[in-house]
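**Q** FYI, in this note's numbering the residues of the sequence shown are 9 to 467.
Sharing a structure with you now.
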Amino acid sequence: MSELRRKLQRLSAPAPETEADAQEPRADGAIVVEADPEHSERQAKIAALRALIAGVQSEERSARMQERAFGDSGRTKPLARASSREKGLPGTVVDTPLGPLHTVAQYLSPSHCHGRVRVARALDARAASLAAMALDADIADIDVRRVLLLDTETTGLSGGTGTLPFLIGMAWFEDESLHIEQLILRQPGEEAPMLTRLAERMAWASCIVTYNGKSFDWPLIRTRAVMNRIPVPAPRAHLDLLHAARRIFGPRLGSVRLVAMEEAVLGMRRDGDIDGASIPPLFWDFVRGADGGVLAPVIEHNANDLVALAGLLAVLEERWSAPSPDHPPEDRLALARVALRGGDAPRAGWMARAVIDEAHGPELSFHGCVVGADAARKQKDAAAERSLLTSAVGHVRRSDPRAQQMHLRLAIVLEHRLKDPHAALEHAEHASERDPSSEKRRSRLVRKIAKQDAKPKRV
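In structure tokens, the structure reads:
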């Protein structure tokens, strides 16, 4: 490298000026220089040397990245030494004690945005908020700076023993930069190095973050590890963002596919993204001898999935810890329901009341009243529950079955908690069609009213 630099300095040194180099300016001020073949050749050599130095520097950076990732367990082998079909495959090959491992690595700067979300915002997430949002107490103690984002591309969606994860994508934060490392299976039978590398990262991580990983990615990885006799540690904690996204965004968006979350929540639209159903055939084409470039769209798709996980992690936690009137009311009501499931009735109550006070229309107001009434019941506040249920009745038509359901709930609250059988009987009459035990309830209320009226009045 030093010899190349010295040669570049000699070539770049200014040549002595000759009479041919000194030209008179034209009338318009431009300098006219006649073409000099020797000068052009010198510039071409300089450009070639600079390109060569840049290539050597790139290889050195890649080697340092691999050395930091694998330590002494592997050494980098340039792709030029790989088989001809792998020349089109991005990344490098690492020789490990268990065999060759093909990796693709990249860093995203702290300012990198996925759509309108800066990815490094995920580092600001609080573990307690993530645990509450995910309804999983195990997540409350994780170190957010040591989460491992995980996503796989596989030869099928069945998840059985015949399904191979031919690409394991991992991402984690180093300082505020997101490090993406993708492990590629070049052919069946070479899973051991890939699974071993994954095991190393999982041993370091405080939690893995996936999207549908609890049902698909992790069981598949565990199965492949068992079949290859590779001890892959169980994750200390597992945050599956699909479950949180379904609870919080599902009521409004319907579809909770990751690409739908990207577009609606992160403001990111993928152009030319490969369809998931097209991914398995491309791997088998590669195994049968196709150029490695056929997997380039799959690698890009997987990398986008990993970055989307980081962005979605940031947004979900922010929605929980700092709800805003700028957020869709449907999402805030969904968050209130999650808070109820997690036992945080006060939070659910004030979030529901905020939606009611904003008057988004009868339908949202009705749902807000119901959630608020549920929170009031958890807090044993019968008066607030009665008020909210009464408001809920006012937001739906009398013929709506939901109105009868609210009347039934009012009858129960008034009879058992507020001890007002007269008002309870009135609501019980409205709820008769929805209450299988309506006749029994009315008879009991009539007896209570009679007994109450028979008591002597205090003067």
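Built from N, CA and C at the ideal position, the CB exists for glycine as well.
Remember, it's a predicted structure, so these values are computed and weren't measured experimentally.
#1: DSSP three-state call for Ala136: helix, strand or coil?
#2: For Lys448, which three-state DSSP category applies?
#3: How would you label Gln31, buried or exposed, when you count the other beta carbons within 10 angstroms and need 16 or more for buried?
#4: Return yes when the Cβ of Ala383 is within less than 8 Å of the Cβ of Ala342, no when it is not.
#5: Candidates Leu191, His120 and His430: which alpha carbon is nearest Gln460's?
#6: Using CA coordinates, which residue listed in Lys388, Leu143, Glu326 and Met359 is at the minimum distance from His5?
#7: Quick check on Ala179: does DSSP put it in helix, strand or coil?
#8: So, does the segment 260-270 touch the segment 230-244, judging by three or more C-beta pairs under 8 Å?
#9: Going by C-alpha distance, which of Pro370, Ile364, Ala391 and Gly369 is nearest Val379?
#10: Based on the DSSP output, what are the partners of Gln114 in its beta bridges?
#11: Using the DSSP secondary-structure output, state which residues sit across from Cys121 in a beta bridge.
#12: Could you spell out where the beta strand (DSSP E) holding Leu290 opens and where it closes?
#13: Kindly list the residues whose CB is nearer than 8 Å to the CB of Gly350, restricted to its own chain and excluding five residues on each side of it in sequence; keep chain order.
#14: Near Gly79, which residues of its chain fall below 7 Å by C-beta distance, leaving aside the five closest residues on each side in sequence?
#15: Taking 8 Å as the CB-CB limit, is Ile287 close to chain B?
#16: Throw me the rounded Cβ distance for the Thr163 and Phe181 pair, which I believe falls under 8 Å.
#17: Between which two residues does the alpha helix (DSSP H) containing Asp313 stretch?
#18: Once DSSP output is grouped into helix, strand and coil, what is the label at Asp492?
#19: Please work out which residues of its chain come closer than 7 Å, Cβ to Cβ, to Pro305, disregarding the five sequence neighbours upstream and downstream, and give them in chain order.
#20: Given a threshold of 16 other Cβ atoms within 10 Å of its Cβ, counted over all protein chains shown, does Gly280 qualify as buried or as exposed?
#21: Could you check the C-alpha separation between Ala411 and Val454 for me, to the nearest Å?
#22: Quick check: the segment 412-427 against the segment 383-399, are there 3 or more CB pairs under 8 Å?
#23: Throw me the rounded Cβ distance for the Ser214 and Asp151 pair, which I believe falls under 8 Å.
#24: Which of helix, strand or coil does DSSP assign to Thr163?
#25: Ordered along the chain, which non-local residues of its own chain (more than five positions away) have a Cβ less than 7 Å from that of Asn310?
#26: Just to confirm, are His110 and Ile229 a CB contact at a threshold of 8 Å?
#27: So the candidates are Ala200, Pro118, His251 and Thr171; which of them puts its Cα closest to the Cα of Thr104?
#28: Between Leu320 and Arg194, what straight-line distance do the alpha-carbon atoms span, to the nearest angstrom?
**A** Result, derived from the coordinates:
#1: Collapsing the DSSP output to three states places Ala136 in a helix.
#2: Helix, per DSSP.
#3: Only weak support is given to the placement of Gln31: the predicted model assigns it a pLDDT of 43, under 50, and the question is left unresolved by the model.
#4: With a cutoff of 8 Å on beta-carbon distance, Ala342 and Ala383 are scored as not near each other.
#5: Minimum Cα distance to Gln460 is reached at His430.
#6: This structure cannot speak to residue 5, because the chain is shown only from 9 to 467.
#7: It is a strand residue.
#8: With a cut-off of 8 Å, the segment 230-244 and the segment 260-270 do not count as touching, because too few Cβ pairs lie within range.
#9: Ranking Pro370, Ile364, Ala391 and Gly369 by Cα distance to Val379 puts Ile364 first.
#10: Beta-bridge annotation (DSSP): Gln114 is paired with Ile188.
#11: Bridge partners of Cys121: Arg126.
#12: Element bounds for Leu290: not the beta strand (DSSP E) but the alpha helix (DSSP H), Ile287 to Val295.
#13: Contacts found: Ala140 and Leu143.
#14: Only weak support exists for where Gly79 lies, its pLDDT of 48 falling under 50; the value from the coordinates is given anyway. So no residue of the chain qualifies.
#15: Among the chains of the structure shown, chain B does not appear; only one protein chain is present.
#16: In fact, because the Cβ distance is near 30 Å, the residues do not count as touching under 8 Å.
#17: Looking at the DSSP string, the run of the alpha helix (DSSP H) that includes Asp313 is Ala304 to Ser329.
#18: This structure cannot settle anything about residue 492, because the visible part of the chain is limited to 9 through 467.
#19: Apart from the 5 residues on each side of it in sequence, Pro305 sits with its Cβ closer than 7 Å to the Cβ of Ile282 in its chain, given in chain order.
#20: Within 10 angstroms of the beta-carbon of Gly280 lie fewer than 16 other beta-carbons, which makes it exposed.
#21: Within the model, the alpha-carbon separation for Ala411 versus Val454 is close to 23 Å.
#22: Yes, since at least three Cβ pairs between the segment 412-427 and the segment 383-399 fall closer than 8 Å, the two stretches touch.
#23: Rounded, the Cβ-Cβ distance is 4 Å, consistent with contact.
#24: Reduced to three states, the DSSP call for Thr163 is coil.
#25: Excluding sequence positions up to five before and after Asn310, its CB lies within less than 7 Å of the CB of Asp159, Glu161, Leu175, Gly177 and Gln190, all in the same chain and listed in chain order.
#26: Taking the C-beta atoms as reference points, Ile229 is found no nearer than 8 Å to His110.
#27: That would be Ala200, whose Cα lies nearest to the Cα of Thr104.
#28: Straight-line spacing of the CA atoms in Leu320 and Arg194 works out to 31 Å.
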